[in-house]
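Number of protein chains: 2
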Amino acid sequence: MTMHQPMPAAAPQTDRPAPSDKALIPFVSVENMMRLVHRIGLETMLRDLAEAIEHDFRRWESFEKRERIPAHSAEGVIELMPTTDGEVYGFKYVNGHPINSRSGLQTVTAFGLLADMHTGYPVLLSEMTILTALRTAAMSALAARHLAPEGSKVMAVIGNGAQCEFQCLAFRALLGIEEVRLWDIDPAATDKAVRNLRNRDLRVIPCASAEEAILGAQIVTTVTADKKFATILSDNMVGPGIHINAVGGDSPGKTELAREILLRSDIFVEYPPQTRIEGEIQQLPPDHPVTELWEVIAGRKPGRRSRDAITLFDSVGFAIEDFSALVYVRARAMETGLYDRLDMIADPDDPRDLFGMLMRARP
Amino acid sequence: MTMHQPMPAAAPQTDRPAPSDKALIPFVSVENMMRLVHRIGLETMLRDLAEAIEHDFRRWESFEKRERIPAHSAEGVIELMPTTDGEVYGFKYVNGHPINSRSGLQTVTAFGLLADMHTGYPVLLSEMTILTALRTAAMSALAARHLAPEGSKVMAVIGNGAQCEFQCLAFRALLGIEEVRLWDIDPAATDKAVRNLRNRDLRVIPCASAEEAILGAQIVTTVTADKKFATILSDNMVGPGIHINAVGGDSPGKTELAREILLRSDIFVEYPPQTRIEGEIQQLPPDHPVTELWEVIAGRKPGRRSRDAITLFDSVGFAIEDFSALVYVRARAMETGLYDRLDMIADPDDPRDLFGMLMRARP
Numbered sequence: 001m002t003m004h005q006p007m008p009a010a011a012p013q014t015d016r017p018a019p020s021d022k023a024l025i026p027f028v029s030v031e032n033m034m035r036l037v038h039r040i041g042l043e044t045m046l047r048d049l050a051e052a053i054e055h056d057f058r059r060w061e062s063f064e065k066r067e068r069i070p071a072h073s074a075e076g077v078i079e080l081m082p083t084t085d086g087e088v089y090g091f092k093y094v095n096g097h098p099i100n101s102r103s104g105l106q107t108v109t110a111f112g113l114l115a116d117m118h119t120g121y122p123v124l125l126s127e128m129t130i131l132t133a134l135r136t137a138a139m140s141a142l143a144a145r146h147l148a149p150e151g152s153k154v155m156a157v158i159g160n161g162a163q164c165e166f167q168c169l170a171f172r173a174l175l176g177i178e179e180v181r182l183w184d185i186d187p188a189a190t191d192k193a194v195r196n197l198r199n200r201d202l203r204v205i206p207c208a209s210a211e212e213a214i215l216g217a218q219i220v221t222t223v224t225a226d227k228k229f230a231t232i233l234s235d236n237m238v239g240p241g242i243h244i245n246a247v248g249g250d251s252p253g254k255t256e257l258a259r260e261i262l263l264r265s266d267i268f269v270e271y272p273p274q275t276r277i278e279g280e281i282q283q284l285p286p287d288h289p290v291t292e293l294w295e296v297i298a299g300r301k302p303g304r305r306s307r308d309a310i311t312l313f314d315s316v317g318f319a320i321e322d323f324s325a326l327v328y329v330r331a332r333a334m335e336t337g338l339y340d341r342l343d344m345i346a347d348p349d350d351p352r353d354l355f356g357m358l359m360r361a362r363p
Numbered sequence: 001m002t003m004h005q006p007m008p009a010a011a012p013q014t015d016r017p018a019p020s021d022k023a024l025i026p027f028v029s030v031e032n033m034m035r036l037v038h039r040i041g042l043e044t045m046l047r048d049l050a051e052a053i054e055h056d057f058r059r060w061e062s063f064e065k066r067e068r069i070p071a072h073s074a075e076g077v078i079e080l081m082p083t084t085d086g087e088v089y090g091f092k093y094v095n096g097h098p099i100n101s102r103s104g105l106q107t108v109t110a111f112g113l114l115a116d117m118h119t120g121y122p123v124l125l126s127e128m129t130i131l132t133a134l135r136t137a138a139m140s141a142l143a144a145r146h147l148a149p150e151g152s153k154v155m156a157v158i159g160n161g162a163q164c165e166f167q168c169l170a171f172r173a174l175l176g177i178e179e180v181r182l183w184d185i186d187p188a189a190t191d192k193a194v195r196n197l198r199n200r201d202l203r204v205i206p207c208a209s210a211e212e213a214i215l216g217a218q219i220v221t222t223v224t225a226d227k228k229f230a231t232i233l234s235d236n237m238v239g240p241g242i243h244i245n246a247v248g249g250d251s252p253g254k255t256e257l258a259r260e261i262l263l264r265s266d267i268f269v270e271y272p273p274q275t276r277i278e279g280e281i282q283q284l285p286p287d288h289p290v291t292e293l294w295e296v297i298a299g300r301k302p303g304r305r306s307r308d309a310i311t312l313f314d315s316v317g318f319a320i321e322d323f324s325a326l327v328y329v330r331a332r333a334m335e336t337g338l339y340d341r342l343d344m345i346a347d348p349d350d351p352r353d354l355f356g357m358l359m360r361a362r363p
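Just so you know, the protein sequences line up as chains A and B, in that order. Following full-length UniProt numbering, the numbering of the first sequence begins with 1 at its first residue and continues without gaps. Following full-length UniProt numbering, the numbering of the second sequence begins with 1 at its first residue and continues without gaps.
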């Protein structure tokens with residue numbers, strides 16, 4: 001059970017029978033998500049999630065797609081990210097409030113839902129703060145498997161916040177990265193990441209600058225959180241044969257790369273209408289050519305074209321990735337029993353008799 | 001507690017400390033929503049909800065508004081309905097699957113969420129199947145208070161499904177309706193409504209046809225569920241001085257009224273861009289004049305102009321109504337303690353150390 005505190009006031013019992021199966025929605029709490037990760041194993045789960053996403057990217061055309069639906073405030077954004085493959089419906093609620101960490105709150109929190117398209121009934125509610133961290137890292141590594149130079153062994157990670165360690169381990173698990181070079185504007189963040197990555201079979205090098213971090217790296221991951229135009233990588237820092245995994249620039253007015261880098265790169269994106277609003281390419285004209293990553297994954301378009309090319313995965317996160325992750329978690333939760341059941345859907349015996357059900361519950 | 005069944009498998013305990021307050025989201029289950037309705041009293045709650053909606057309709061311009069976001073299937077639709085007033089964010093998940101009742105499922109199920117716009121953290125998760133039934137009825141009665149002929153005492157209700165009794169009681173509570181005349185294509189639905197409305201200080205007249213139901217009625221409520229163009233009311237059935245409360249026509253291809261009735265009516269809607277897609281007025285040209293109900297409520301536009309006018313509230317349900325209802329329920333749930341707390345948001349001590357929190361939870 002995930003209820004850690006008693007209900008503040010006792011409530012009278014009614015003689016309403018226990019809700020039926022249809023009324024009880026499987027719920028994966030934070031506690032159960034953490035148990036699930038440890039049951040499966042973190043790196044296995046990262047590989048599984050990449051495989052689940054790859055499977056769905058191959059059938060990209062079966063999904064209904066749209067930009068996510070934002071609500072902006074001065075401090076951040078709340079977004080809904082729905083999609084469906086016609087059988088299953090999924091959406092994620094996610095916020096991005098960079099200022100939160102100053103008051104001890106997460107920058108990004110999330111939860112998600114799956115439902116049956118044929119009945120509209122929810123079939124899973126799940127925490128997604130942890131799951132989003134995992135799927136984002138799995139997505140990055142999956143893209144890099146198609147775009148990074150062959151035999152990449154060294155990755156720089158600029159920005160050592162909540163997503164950093166997940167990125168490092170996903171790239172280790174999926175690409176065989178051996179060395180990660182970390183830099184953050186706040187040395188305490190780097191220290192935290194170094195500590196967390198001990199005994200993970202990775203050489204972890206804390207660096208004193210972004211310039212030092214990218215030395216010898218075939219892959220550069222940028223994953224900073226400030227909600228503003230920033231230049232984490234300037235033009236002269238990026239040489240030929242680099243893969244850039246740009247994770248942090250993911251909402252209007254929030255970018256990480258110098259425009260000149262974009263002009264020298266082959267750019268790969270998830271869903272162009274969303275990325276043109278939110279990604280690094282918001283700095284470019286709306287007709288600047290980009291390749292949709294699913295086409296590379298499905299074998300329809302080339303990924304990396306030459307050893308010297310600069311490839312850029314302009315990642316903003318797309319609804320289908322969350323869908324894949326939720327479908328995966330649902331299956332594993334059912335297998336392991338690592339879920340609770342929420343009394344979330346009213347379920348009268350006679351579906352037209354909602355009123356009667358309510359009245360029969362009178363204490 | 002709302003967990004009616006044990007967790008299917010035992011899970012190992014970890015030494016993770018109990019989540020903090022920020023991580024535990026207040027959750028109003030179906031059980032607690034029913035307790036809340038009985039604690040407050042059904043008619044009081046209908047009046048309170050109408051007042052809450054009226055309050056928010058008066059400040060209509062402070063809200064971000066958009067059409068709801070649908071995902072259609074052959075059987076029905078799943079929709080997300082977000083809005084915010086800049087301080088609080090709310091959304092509802094709702095489905096409409098008319099075919100569901102044949103397999104013992106609800107046509108409409110729903111749940112909703114409130115969050116803090118400044119942090120993005122959820123502050124309430126609530127069942128909304130029952131709450132939607134209540135707020136829809138409260139909205140109908142609120143509109144009728146501004147539009148129906150003065151001194152209306154008799155209402156016809158065409159369609160006696162899950163929403164019927166809520167409509168009857170809301171119109172009794174808010175307008176003083178004394179007689180309801182019920183008709184449904186399925187006599188069993190009418191029987192159920194008659195049974196449920198016993199001892200409610202209402203004259204309840206089951207009728208053999210729609211024509212009989214509207215005899216002597218000043219208000220005609222249509223609330224059928226079929227997902228297709230239908231003609232519940234034909235032109236010759238509607239005389240002068242009637243208020244039509246059209247609740248059932250609420251998605252593309254789903255209407256209840258003959259087009260000729262619309263052409264003779266003063267039409268009032270919630271949010272025109274959404275109603276033109278979903279409401280009765282989808283039968284009319286996109287520039288057919290309509291009045292936004294909030295302008296009537298705020299005193300900026302007249303409602304009923306004459307004793308003989310036909311007024312039509314072309315109701316489809318709008319996000320602000322759910323927002324109002326959720327804000328109301330949140331306050332009442334906090335007062336009464338009728339809620340649980342869900343472990344839905346990961347909350348590491350150091351917000352950048354999500355990974356460390358996950359690792360420390362290793363069994």
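Beta carbons are placed, not taken as given, at the ideal position from N, Cα and C, and that holds for glycine. Just so it is clear, the structure is predicted and the values come from calculations on it, not from any experiment.
Could you give the DSSP three-state label for residue i: helix, strand or coil?
| i | result |
| --- | --- |
| residue 256 of chain B | strand |
| residue 192 of chain B | helix |
| residue 224 of chain B | coil |
| residue 251 of chain B | strand |
| residue 119 of chain B | coil |
| residue 234 of chain A | coil |
| residue 219 of chain B | strand |
| residue 13 of chain B | Caution is warranted here: a pLDDT of 44 is assigned to residue 13 of chain B, below 50, making its placement in the model unreliable, and no coordinate value can be reported. |
| residue 150 of chain A | coil |
Which partner residues does residue i have in the DSSP bridge list?
| i | result |
| --- | --- |
| residue 312 of chain B | B/244 and B/267 |
| residue 93 of chain B | B/80 and B/111 |
| residue 72 of chain B | B/77 |
| residue 182 of chain A | A/157 and A/206 |
| residue 343 of chain B | B/24 |
| residue 291 of chain B | B/268 |
| residue 125 of chain A | A/27 and A/113 |
| residue 88 of chain B | B/116 |
Residue i to residue j, Cα distance in whole Å?
| i | j | result |
| --- | --- | --- |
| residue 330 of chain B | residue 129 of chain B | 16 Å |
| residue 361 of chain A | residue 197 of chain B | 16 Å |
| residue 127 of chain A | residue 182 of chain A | 29 Å |
| residue 149 of chain A | residue 94 of chain A | 33 Å |
| residue 102 of chain A | residue 109 of chain A | 15 Å |
| residue 105 of chain B | residue 245 of chain A | 46 Å |
| residue 151 of chain A | residue 91 of chain B | 46 Å |
| residue 356 of chain B | residue 298 of chain A | 36 Å |
| residue 272 of chain A | residue 64 of chain A | 14 Å |
| residue 292 of chain A | residue 223 of chain A | 21 Å |
| residue 320 of chain B | residue 86 of chain B | 13 Å |
| residue 154 of chain B | residue 33 of chain B | 30 Å |
| residue 347 of chain B | residue 23 of chain B | 6 Å |
| residue 243 of chain B | residue 313 of chain B | 8 Å |
Hey, would you say residue i sits closer than 8 Å to residue j, going by beta carbons?
| i | j | result |
| --- | --- | --- |
| residue 364 of chain A | residue 158 of chain A | Shown here, chain A extends from 1 to 363; a query on residue 364 of chain A therefore has no answer. |
| residue 166 of chain B | residue 134 of chain B | yes |
| residue 308 of chain A | residue 216 of chain A | no |
| residue 141 of chain A | residue 175 of chain A | yes |
| residue 278 of chain B | residue 315 of chain B | no |
| residue 84 of chain B | residue 74 of chain A | no |
| residue 270 of chain A | residue 318 of chain A | yes |
| residue 177 of chain B | residue 30 of chain A | no |
| residue 168 of chain B | residue 202 of chain B | yes |
| residue 233 of chain B | residue 262 of chain B | no |
| residue 333 of chain B | residue 123 of chain B | no |
| residue 78 of chain A | residue 117 of chain B | yes |
| residue 66 of chain B | residue 80 of chain B | no |
| residue 193 of chain A | residue 351 of chain B | no |
| residue 290 of chain B | residue 310 of chain B | no |
- prompt: What residues in the region 193–215 of chain B bring their beta carbon closer than 7 Å to a beta carbon of chain A?
  reply: 196
task: Name, going along the chain, the residues of the region 53–81 of chain B whose beta-carbon falls closer than 7 Å to a beta-carbon of chain A.
output: 64, 69, 71, 73, 75, 76, 78 and 80
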